[in-house]
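Asker: Okay, so the sequence shown: first residue is 27 according to the working numbering, each after it adds one.
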Amino acid sequence: GPRIITATLQALIRVLWMGQDPLQAVTTARLHHQFLPNRVQYENFTQGPSAYIVPGASLALLQGVGNNVSASGAMLGNAQVVVQDLATGLLTGASDPRKDGAPAAMAG
């Protein structure tokens, strides 16, 4: 669905531009804008020991530039991330805990 693109893009931004590791990138609360209706949804829920809550300062910033925001009581997509260290070839993966995922690997 439409949230796949949002979840994937936010994970990429967090790894490539913000320098987060894969686990941080997939466990941070997400935003989603569908265009119609014209509003930004944000995660605001707890699942087991994890809380997915967008910081109030981020919501205030969005509202300050004219966005309508609304809380979503459920996940806004999920993502899996694999990052390769180009110097060592080491692969590091993380699976989004929102969907009870777990990374798996094969040695070859």
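Even glycine gets a Cβ: it sits at the ideal position worked out from N, Cα and C.
#1: Does DSSP classify GLN50 as helix, strand or coil?
#2: Alpha carbon to alpha carbon, what distance is there between LEU42 and GLY135?
#3: My output table needs one value for GLY119: the three-state DSSP class, helix, strand or coil.
#4: Can the beta-carbon of ASP47 be found less than 8 Å from the beta-carbon of THR114?
#5: As a quick exercise: from GLN106, LEU85 and SER84, pick the residue whose alpha carbon is nearest that of GLN50.
#6: Excluding sequence positions up to five away, which residues of its chain have a Cβ less than 7 Å from the Cβ of LEU88?
#7: Using a Cβ-Cβ cutoff of less than 7 Å, which residues in the same chain neighbour THR54 once the five nearest sequence positions on both sides are dropped?
#8: With DSSP run on the structure shown, which of helix, strand or coil describes THR72?
#9: From THR72 to TYR78, what does the alpha carbon distance come to, in whole angstroms?
#10: What would DSSP say about LEU102, mapped onto helix, strand or coil?
Answerer: Taking the coordinates as given:
#1: helix
#2: With the chain running from 27 to 134 in the structure shown, residue 135 is simply not present.
#3: strand
#4: no
#5: GLN106
#6: VAL66 and VAL95
#7: ARG40
#8: strand
#9: 6 Å
#10: coil
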